[in-house]
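Numbering (our numbering), first residue to last: 626 to 773.
Quick notes on the structure that follows.
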């Protein structure tokens with residue numbers, strides 16, 4: 626007797642969906658890291674600019690140069706704000722995909738548990754049939770000995 630799990634196709638489909646969800650999640654992690662790294666670079670650049678500006682102010686820099694630093698700082702702050710929005714969007718997408726991956730994983734686990742129970746039931750039935758055959762064979766042997 627050969628074992629066949631009745632939900633095997635569904636399990637295969639769920640496993641494939643889980644793999645796709647894993648790939649999408651890993652891709653979102655990469656994208657998040659990329660935009661977060663860019664934000665970090667912009668923040669470092671802003672910090673360096675502020676340090677340079679402070680030093681220039683202490684040294685007595687011309688007004689035109691101070692204006693240049695201020696405009697550049699404003700431009701940098703706008704870039705930082707946009708990048709923060711991108712980071713938040715990437716983080717939200719990553720968290721959403723992580724949640725989907727967890728749900729797919731749970732679905733696969735449920736079908737694996739069903740298969741486990743089904744396999745146990747199948748082997749229990751096989752053992753019961755084997756025991757019944759052994760009992761029948763023992764009974765036949767006993768009856769043949771009694772008849773002689």
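Just so you know, even glycine gets a beta-carbon here, dropped at the ideal spot from N, CA and C.
Within 10 Å of its beta-carbon, does residue i have 16 or more other beta-carbons around it, so buried, or fewer, so exposed?
i: residue 639; result: buried
i: residue 762; result: exposed
i: residue 715; result: buried
i: residue 605; result: Absent from the structure is residue 605, since the part of the chain shown begins at 626 and ends at 773.
i: residue 719; result: buried
i: residue 753; result: exposed
i: residue 775; result: Since the first residue shown for the chain is 626 and the last is 773, residue 775 is missing from the structure and cannot be characterised.
i: residue 679; result: exposed
Checking 7 angstroms against the spacing of the C-beta atoms, do residue i and residue j come in under that value?
i: residue 749; j: residue 630; result: no
i: residue 730; j: residue 634; result: no
i: residue 701; j: residue 681; result: no
i: residue 726; j: residue 653; result: no
i: residue 698; j: residue 674; result: yes
Thinking residue i and residue j are a contact (beta carbons under 8 angstroms), I'd like their distance in whole angstroms, please.
i: residue 705; j: residue 648; result: That belief does not hold up - the Cβ atoms of residue 705 and residue 648 are roughly 31 angstroms apart, past 8 angstroms.
i: residue 632; j: residue 736; result: 6 angstroms
i: residue 660; j: residue 712; result: 5 angstroms
i: residue 751; j: residue 626; result: 7 angstroms
i: residue 740; j: residue 636; result: 7 angstroms
State yes or no: is the beta carbon of residue i nearer than 7 angstroms to at least one beta carbon in chain C?
i: residue 720; result: Judged by its chain identifiers, the structure shown contains no chain C, having just a single protein chain.
Check whether the Cβ of residue i sits closer than 6 angstroms to any heavy atom of the ligand FAD, and report yes or no.
i: residue 652; result: Of ligands this structure carries none, so the ligand FAD is not represented either.
Could you say if the region 660 to 676 and the region 706 to 713 meet the contact criterion of at least three C-beta pairs nearer than 8 angstroms? Inter-segment contact for the region 660 to 676 and the region 706 to 713 is present: three or more beta-carbon pairs are separated by less than 8 angstroms.
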